[in-house]
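Quick note on my numbering: the sequence shown kicks off at 748 and runs consecutively. Each remark here refers to the structure printed beneath this line.
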Amino acid sequence: MTALRVSGLTVTYGPVVAVNELSFAIESGETLVLLGPNGAGKTSAVEAIAGLLPKRRGAVDFLGKDISRLNASTIVRRGLALVPQWRELFRTFTVEETLVAATTAAVGRAPTPLAAVYELFPVLQERRQQKAGSLSGGEQQMLAIARALVTNPRLLLLDEPSAGLSSGITRTLIAAIRRIRQSGVAILLVEQNMEIARAVGERCCMLAAGRLAWSGSMQEAMERNEAERVYFGAHRHDDTG
Ligand SMILES: Nc1ncnc2c1ncn2[C@@H]1O[C@H](COP(=O)(O)OP(=O)(O)O)[C@@H](O)[C@H]1O
Ligand SMILES: [Mg+2]
Numbered sequence: 748m749t750a751l752r753v754s755g756l757t758v759t760y761g762p763v764v765a766v767n768e769l770s771f772a773i774e775s776g777e778t779l780v781l782l783g784p785n786g787a788g789k790t791s792a793v794e795a796i797a798g799l800l801p802k803r804r805g806a807v808d809f810l811g812k813d814i815s816r817l818n819a820s821t822i823v824r825r826g827l828a829l830v831p832q833w834r835e836l837f838r839t840f841t842v843e844e845t846l847v848a849a850t851t852a853a854v855g856r857a858p859t860p861l862a863a864v865y866e867l868f869p870v871l872q873e874r875r876q877q878k879a880g881s882l883s884g885g886e887q888q889m890l891a892i893a894r895a896l897v898t899n900p901r902l903l904l905l906d907e908p909s910a911g912l913s914s915g916i917t918r919t920l921i922a923a924i925r926r927i928r929q930s931g932v933a934i935l936l937v938e939q940n941m942e943i944a945r946a947v948g949e950r951c952c953m954l955a956a957g958r959l960a961w962s963g964s965m966q967e968a969m970e971r972n973e974a975e976r977v978y979f980g981a982h983r984h985d986d987t988g
């Protein structure tokens with residue numbers, strides 16, 4: 748089954764076209780990486796898919812149903828969870844309060860037991876009485892992912908989880924993303940870090956100036972140096988129509 752189908756998605760900020768007629772699909776259980784330089788439109792795309800930004804045009808189908816016009820909280824209840832780029836944690840909530848609050852977002856679905864996310868990120872269990880604002884950057888990213896997992900998603904959108912974090916934390920995140928994938932959750936991973944992209948991605952889409960510049964297998968992307976071509980602007984936007 749197709750987990751997510753995005754067709755002709757266009758997102759604008761006034762006169763600025765951030766995402767321009769973007770189309771792609773993710774099969775159930777698949778991990779797709781969305782790559783592209785700063786300002787390419789990655790965050791605008793995932794926030795529009797999650798219902799946090801209005802769509803100028805286009806359709807989003809999730810598990811075969813149109814979610815284009817649903818609000819963000821309804822979309823979460825359907826099983827699509829976003830881990831936002833800037834994590835957006837409540838600094839004064841403890842780790843446990845953050846996770847318990849997220850279980851209420853899963854109303855109507857069975858939330859994932861806290862024990863399961865603590866097993867994935869043991870450091871969060873050690874820190875469970877600590878305030879989110881006092882955690883390290885890596886721990887905050889783990890908490891943001893755990894908060895999304897508690898809603899028991901079928902599809903997880905991760906927006907640059909490794910941004911600003913050490914390579915040690917990056918390896919922890921890679922291991923966690925692999926385990927999430929093994930549990931059958933489809934993943935859309937926005938990344939600029941090629942180490943994560945190649946470690947977890949099966950297919951990838953390259954975004955440049957709001958448009959899909961290239962899509963194919965992660966292996967082919969590496970062999971053809973597609974990322975460099977997109978990042979250094981050598982790519983023609985009309986290559987893939
Ligand atoms: N709130 C906003 N208001 C106006 N323009 C914005 C806003 N957010 C993003 N943009 C613009 O939209 C484009 C895409 O940004 P973004 O989706 O954040 O890209 P990425 O996540 O790939 O770095 C950029 O040109 C950016 O300047
Ligand atoms: Mg972004």
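Ideal Cβ positions, reconstructed from N, Cα and C, are used throughout, including at glycine.
Assign ASN785 to buried or exposed, taking buried as 16 or more other Cβ atoms, counted over all protein chains shown, within 10 Å of its Cβ. exposed
Quick one, which of ARG752, GLY911, PHE868 and LEU782 has its alpha-carbon nearest MET941's? Distances from the CA of MET941 to each of ARG752, GLY911, PHE868 and LEU782 were compared; the closest alpha carbon is that of LEU782.
Roughly how many whole angstroms lie between the Cα atoms of ASP1044 and ALA795? The structure shown has nothing for residue 1044, since the chain only spans 748 to 988.
Would you mind listing the alpha helix (DSSP H) stretches within the region 870 to 909 that are 4+ residues and don't spill past its ends, in chain order? 884 to 897
Going by the C-beta, is LYS802 closer than 6 angstroms to any heavy atom of ligand 1? no
So is the beta-carbon of GLN832 under 6 angstroms away from any non-hydrogen atom of ligand 2? yes
Grouping DSSP H, G and I as helix and E and B as strand, with all else coil, what is ALA806? strand
Helix, strand or coil for ILE814, going by three-state DSSP, please let me know. coil
Can we count GLU791 as close to ligand 1, meaning its CB is less than 6 angstroms from some heavy atom? One point to set straight first is that residue 791 is Ser, not Glu, in the sequence displayed. It does: the Cβ of SER791 is within 6 angstroms (strictly closer) of some heavy atom of ligand 1.
Ignoring anything shorter than 4 residues or poking outside the region 910 to 979, list the alpha helix (DSSP H) runs there in chain order. 914 to 929, 941 to 947, 965 to 970 and 973 to 978
State the beta-bridge partners of ALA828 as determined by DSSP. LEU903
Could you tell me if SER909 is buried or exposed, where buried requires 16 or more neighbouring beta carbons within 10 angstroms of its beta carbon? buried
Tell me where the beta strand (DSSP E) around GLU774 begins and ends. 763 to 774 is the span of the beta strand (DSSP E), which, as asked, contains GLU774.
To which residues of the same chain is ALA968 closer than 6 angstroms at the C-beta, ignoring the five residues directly before and after it? CYS951
Could you name the residues that DSSP lists as bridge partners for ARG752? ALA772 and ASP808
Three or more C-beta pairs closer than 8 angstroms, one from the region 895 to 905 and one from the region 843 to 859: is that the case here? yes
Do you know how far the Cα of GLY911 is from the Cα of ALA989? Residue numbering for the chain in the displayed model covers 748 to 988; residue 989 lies beyond these limits and cannot be assessed.
Does DSSP put THR757 in a helix, in a strand, or in coil? strand
Counting C-beta neighbours from all protein chains within 10 Å, is the total for SER791 16 or more, i.e. buried, or is it exposed? buried
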